[in-house]
Amino acid sequence: MNFNKIYALGLRHLYLIMNSFPRILDLIYWPTVQIFLWGFISKFFTLSSDYYSNTVGIILTAAILYDFLFRASISFNMMFLEEIWSRNFTNLFIAPIKIREIIAALTITAIIRTLIGLVPAVLIAIPLFGVSVLKLGLPLIFLLISLYLFGITLGLLVTSGLLRYGPSFENIAWASLFFLAPLGCIYYPIEILPDFLQIIAKMLPLVHIFEEMRNILMTETVNFTNILKSIIISMIYFCFGVIVFYISYFGAKKRGTLINMGE
Amino acid sequence: MFIEVKNLSKIYNDYLAVNKINFQIEKNKTIGLLGPNGCGKTTTIGMLLGLVSPTRGEIIIENKNINIFKRDEILKRFNFASPYVELPKKLTVRQNLEIYGRLYGISDLDERINEISKDLDIKNFFERKTGELSSGQKNRVSLAKSLINKPEILLLDEPTASLDPDIGDFIRSYIQEYKIKNKVTILLASHNMSEVERLCDSVIMMRKGKIIDKGTCEQLIKKHGRDNLEETFLKLARSKDEF
């Protein structure tokens, strides 16, 4: 791994953000809207019924964590799509940069894009709704690592699709996370799902992450088995994502799609 | 021989894009790759750049099969420019050159950027976004990117397409001068026959994925009994499948 090259590719995307104020605004806008929306919805439930008391914190924390996953994945996809849209794809793939360095650069830069969007939203939630994700304590770091790995994995799978099927696969980039959201048990416990879906859901790291988030907020205890399980599952998916990406890259070379991507 | 292409073929599904082509390029020579649209020029360039994997055949650089080189090792010796491939539009010219300079691992990057931007006369729009430039300016920036690493092997795909005669002549003169000052082997795909005559030491003519003739411009013109390369190209491109 050559860190100068990883830095160079990261810099390409940071310059893109720094050169455009609307782009920064766009990164911040959607997570903030998400927080407002979920904050007010959960506040309404709290005010309307005793049954829902103390749910603002849980729902809003879930919304923030889900948005972190969503932003991580979308950031990865967006950076790849930027190369296609700007017709820079060929230049990038003929540069002396290893495929693993491209993956590393996109992975590292995605966290910066994600944090630019999410930090303001997290800070707004504290005074506005009295909710702070920091209440999760040290386990928050591990939950974020697990979410990030899974978000990047989804990004890798979508970009593999872009390599395989070309820019027409773009719409899948936006739909990928909405497809998994119901199975991720983000806003509700796993018991809500029918039995057969519970089996599938348990194979996703999301269930373990969000179950543990609710556990910490409700019982103020930490179940490290859940956290470990989520990280291991995320790691397995990440490795799978990297393999699929390499297969798609070699497939694209075979089909010749790398040479006219974006045209 | 510096570059040897042996029995190179590419089949996309059932379509034979490149059909058992063979050619050699001597070090520091400029070879023109000519042929009508869809004749396999771009696929051939793609295979040389490692963007397309050949179905059959070999590409040999300095007596070594290209496959034994590591991807980043071989690619730092190459570069490529084409008006159909652009640099990120929202980045300034300076930012684009900086990024590609870093990707190619250029040690004295500021000096190199300064040198190349002076040579190609791009300094006056250095801080402008690449997407805001005219096609002539974009073309010069793209050429600057392709020379940032002082490549040993430079692949140029229609470097003066859609340029006005003045800018086109500037680019051709620059390439001509650059060839004299630097050690570079160039493969030039072009539809501009006067450009090919001016820049190339020899020419490869392709049609329907095959090489149908090769030689110096003078040899080909004489062989086919025409007055210039353009007429020779037309004769070869319109001929039946006798080749």
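Top to bottom, those sequences are chains C and A. Residue 27 in the working numbering sits at position 27 of the first sequence; the count goes up by one each step and never skips. Just add 1000 to the spot in the second sequence (first one is 1) and you have the working numbering. For every residue, glycine included, the Cβ atom is placed at its ideal position computed from N, Cα and C.
CB-CB under 6 Å to residue i, same chain, minus the five flanking residues each way: which ones, in chain order?
i: A:P1151; result: F1078, N1079
i: A:H1224; result: T1232, K1235
i: C:I116; result: L27
i: A:L1016; result: G1209
i: C:L81; result: none
i: C:S160; result: V244, F245, S248
Could you tell me whether the Cβ of residue i comes closer than 8 Å to any Cβ of chain A?
i: C:T61; result: no
i: C:A8; result: yes
i: C:A104; result: no
i: C:P96; result: yes
i: C:T153; result: no
i: C:R87; result: yes
i: C:T90; result: yes
i: C:F93; result: yes
i: C:Y15; result: yes
i: C:R12; result: yes
i: C:R255; result: yes
i: C:E263; result: Only weak support exists for where C:E263 lies, its pLDDT of 48 falling under 50; the value from the coordinates is given anyway. Yes, C:E263 lies at the interface with chain A (some Cβ there is under 8 Å from its Cβ).
i: C:F108; result: Here residue 108 of chain C is Ile; the residue named in the question, Phe, does not match the sequence. Cβ-Cβ to chain A under 8 Å: no for C:I108.
i: C:L27; result: no
i: C:I259; result: yes
i: C:N215; result: no
i: C:N4; result: yes
i: C:S75; result: no
i: C:N19; result: yes
If residue i and residue j are in contact, beta carbons under 8 Å, what's the gap, nearest whole angstrom?
i: C:T90; j: A:V1085; result: 4 Å
i: C:L154; j: C:S168; result: Incorrect: roughly 19 Å between the Cβ atoms, too far for contact.
i: C:A121; j: C:I64; result: 7 Å
i: A:L1051; j: C:N19; result: About 28 Å; that fails the 8 Å criterion.
i: A:L1156; j: A:L1109; result: With a Cβ gap of about 23 Å, A:L1156 and A:L1109 do not count as contacting.
Should residue i be flagged as near chain C, meaning a C-beta pair shorter than 8 Å?
i: A:V1093; result: no
i: A:D1108; result: no
i: A:I1021; result: no
i: A:V1005; result: no
i: A:V1184; result: no
i: A:P1088; result: yes
i: A:Y1015; result: no
i: A:R1102; result: yes
i: A:Y1174; result: no
i: A:F1125; result: no
i: A:I1099; result: yes
i: A:T1030; result: no
i: A:L1051; result: yes
i: A:A1189; result: no
i: A:R1128; result: no
i: A:K1027; result: no
i: A:F1244; result: An answer regarding residue 1244 of chain A cannot be provided, because it is not within the stretch 1001 to 1243 covered by chain A.
Thinking C-beta only, is residue j closer than 8 Å to residue i?
i: C:V119; j: C:T61; result: no
i: A:T1055; j: A:I1186; result: no
i: C:V56; j: C:S73; result: no
i: C:L136; j: C:T257; result: no
i: C:I186; j: C:P205; result: no
i: C:L157; j: C:G241; result: yes
i: C:V222; j: C:P139; result: yes
i: C:A110; j: C:S75; result: yes
i: A:I1171; j: A:L1199; result: no
i: A:T1042; j: C:I259; result: yes
i: A:G1032; j: A:V1203; result: yes
Just to confirm my understanding: we take residue i, look at its own chain, exclude 5 residues before and 5 after, and list those with CB closer than 8 Å. What are they?
i: C:E263; result: Only weak support exists for where C:E263 lies, its pLDDT of 48 falling under 50; the coordinates are left without a value.
i: A:L1008; result: V1018, K1020, I1021, N1022, T1044, M1047, P1054, R1056, G1057, E1058, I1059
i: C:E101; result: M1, N2, K5, I6, L9
i: C:A201; result: L183, G184, C185, I190, L193, V207
i: C:R23; result: L16, I17
Can you give me the Cβ contacts of residue i inside the same chain, cut-off strictly under 7 Å, excluding the 5 residues immediately before and after it?
i: A:N1149; result: K1076, N1079, Y1104, I1106
i: C:L128; result: G39
i: A:V1093; result: I1122, F1125, F1126, R1128, T1130, V1141
i: A:P1036; result: R1207, A1237
i: C:I99; result: Y246, Y249
i: A:P1088; result: N1096, T1130
i: C:Q198; result: I190
i: C:I108; result: I6, G10
- Can you list the alpha helix (DSSP H) stretches of 4 or more residues lying completely in the stretch 148 to 230 of chain C, in chain order? The qualifying runs are 170 to 180, 195 to 201, 205 to 219.
- Message: What ranges does the beta strand (DSSP E) occupy inside the stretch 1131 to 1201 of chain A, keeping only unbroken runs of at least 3 residues that lie completely in it?
- Response: DSSP assignment within the stretch 1131 to 1201 of chain A yields the following whole beta strand (DSSP E) runs of 3 residues or more, N-terminal first: 1153 to 1157, 1185 to 1189.
- Query: In chain order, which continuous runs of the alpha helix (DSSP H) of length 4 or greater are located wholly inside the stretch 15 to 86 of chain C?
  - Reply: Runs found: 21 to 48, 55 to 85.
- Please specify which runs of the alpha helix (DSSP H), each continuous and at least 4 residues long, are wholly inside the stretch 1016 to 1091 of chain A, giving them in chain order. Counting whole runs of 4 or more residues, the stretch 1016 to 1091 of chain A contains the alpha helix (DSSP H) stretches 1041 to 1048, 1071 to 1075.
- alpha helix (DSSP H) runs wholly inside the stretch 79 to 126 of chain C, at least 4 long, in chain order: Complete alpha helix (DSSP H) runs here, min 4: 89 to 94.
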